[in-house]
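Asker:
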Amino acid sequence: MKPYSIAAELLLQDMTITVSFLMMHNSSCLLELTQPIRKNEIPCELLTLGEINLYKKVLENTTYELATTGSQDIKTALSNNTDLIPGVYEGGLKTWECSLDLLMLLAQMSKGVDMSSTRVLELGCGSGLPGVYMISCTSASRVDFQDYNEEVLTHVTIPNVVLNAPVSGKSLNEEVHPSALAQRSSFYSGDWSGFVQLNNPNKAPELKYDIVLTSETIYEPSLNKVLLATIKDSMAYPRGVALVAAKSYYFGVGGSMTAFQSLVASDPELKSETVYQSSEGVNREILQISFASA
Ligand SMILES: C[S@@+](CC[C@H](N)C(=O)[O-])C[C@H]1O[C@@H](n2cnc3c(N)ncnc32)[C@H](O)[C@@H]1O
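Okay, so the sequence shown: first residue is 1195 according to the working numbering, each after it adds one.
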């Protein structure tokens, strides 16, 4: 497994974004990258789902950029035209269908709800549209993002957050307000096994999350334990909930919602219920996890 190496924090200055990468394996090494990103310079398309309108960076532009400037890991994945190289590239560049289910559910759940004291985390975010929705269309106080691959965060997730930054309207000509974004999001890359140690090493209750989101992350059965432990350790006790969106079964890889639900059931401190099901195309579900004592 890849060591948990990098925490990226979004710091916006003078209408540009500075992404700071803290190399965790060597705490004396602070590598600063300055990546000015302006909203109207990001190639994007409008995604409309019911009443939801979100901008999303065009996948072809991202793959084109990374095919030349990406790390060897990403270049290998792109040249092999594969969505998954276990432990190397975990599929975060593209937007998977269950994230759209999650988006729709979040829109229903958050309608008219004051979320100004709600902290949200999206694990295995990839393009991060559920988290992007929470940060741009609700009053959530904080939305943090985690992905296995650093380049997914810098080339897809952060651009999508910027594109939908909550300014006075949705025009791409408008400028992102730097301080508002910087205060509301951090971006973490690396393996789930190191996330909590990096994000909240003392397990401080006030730094835990009211809502943990994750979509299309249960496909690999051997990773389900560490994913569930990360979800549980990240959820605020006792009120926190997690929403796990996934296909009912992952052919060829072996993960399934039934197996993940059984894993949740084996922990007496947790409970779960299915809050969404679709049999249109491939069977898909959303599982809500909460503390048994809640
Ligand atoms: C199939 S992609 C789904 C991306 C996005 N959530 C979506 O639905 O569009 C799976 C995601 O799981 C994450 N992931 C897989 N294995 C991981 C691991 N061991 N540690 C951290 N993240 C992992 C990757 O970051 C990747 O983006």
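Just so it is clear, CB atoms sit at the ideal spot from N, CA and C, and this is done for glycine as well.
Within a Cβ cutoff of 6 angstroms, which residues of the same chain sit near residue 1342, ignoring the five residues on either side of it in sequence?
Answerer: In the sequence shown, counting from the first residue as 1, residue 1342 sits at position 148. Closer than 6 angstroms at the Cβ level, and outside the excluded window around residue 1342, lie 1284.
Asker: Could you tell me whether the Cβ atoms of residue 1411 and residue 1347 are closer together than 8 angstroms?
Answerer: Along the sequence shown, one-based indexing puts residue 1411 at 217. Along the sequence shown, one-based indexing puts residue 1347 at 153. Contact flag unset, no.
Asker: Taking 7 angstroms as the line, does the beta carbon of residue 1326 fall inside it for any heavy atom of ligand 1?
Answerer: On the sequence shown, position 132 is the one that residue 1326 refers to. For ligand 1, not one heavy atom lies less than 7 angstroms from the Cβ of residue 1326.
Asker: By the three-class DSSP mapping on this structure, what secondary structure does residue 1476 have?
Answerer: Position 282 of the sequence shown, counting from 1, holds the residue named residue 1476. Coil at residue 1476, not helix or strand.
Asker: Label residue 1378 either buried or exposed according to how many other C-beta atoms from any shown protein chain fall within 10 Å of its C-beta, with 16 as the threshold for buried.
Answerer: Indexing the sequence shown from 1 puts residue 1378 at position 184. Under this definition residue 1378 is a buried residue.
Asker: Any idea what DSSP makes of residue 1429, helix, strand or coil?
Answerer: Counting from one through the sequence shown, the residue named residue 1429 turns up at place 235. Strand at residue 1429.
Asker: Between which two residues does the alpha helix (DSSP H) holding residue 1356 run?
Answerer: Taking the first residue of the sequence shown as 1, we reach residue 1356 at position 162. Residue 1356 -> alpha helix (DSSP H) spans 1352–1357.
Asker: Residues in the same chain with beta-carbon distance under 6 angstroms from residue 1282, minus the five sequence neighbours each way, listed in chain order, please.
Answerer: Translated into the one-based positions of the sequence shown, residue 1282 becomes position 88. Cβ within range, chain order: 1267.
Asker: With 16 as the cutoff for other CB atoms within 10 Å, does residue 1280 come out buried or exposed?
Answerer: Position 86 of the sequence shown, counting from 1, holds the residue named residue 1280. So residue 1280 counts as exposed.
Asker: Going by beta-carbon coordinates alone, are residue 1486 and residue 1467 separated by less than 8 angstroms?
Answerer: Counting from 1 along the sequence shown, the entry for residue 1486 is found at position 292. Counting from 1 along the sequence shown, the entry for residue 1467 is found at position 273. No, Cβ-Cβ distance for residue 1486 and residue 1467 is not below 8 angstroms.
Asker: What are the boundary residues of the beta strand (DSSP E) that includes residue 1535?
Answerer: There is simply no residue 1535 to check, as the chain begins at 1195 and stops at 1488 in what is shown.
Asker: Please work out which residues of its chain come closer than 7 angstroms, Cβ to Cβ, to residue 1253, disregarding the five sequence neighbours upstream and downstream, and give them in chain order.
Answerer: Looking up residue 1253 in the sequence shown gives position 59. The residues are 1287 and 1288.
Asker: So is residue 1426 buried or exposed if we call it buried at 16+ other beta carbons inside 10 Å?
Answerer: Counted from its first residue, the sequence shown places residue 1426 at position 232. Buried, by the Cβ-count rule.
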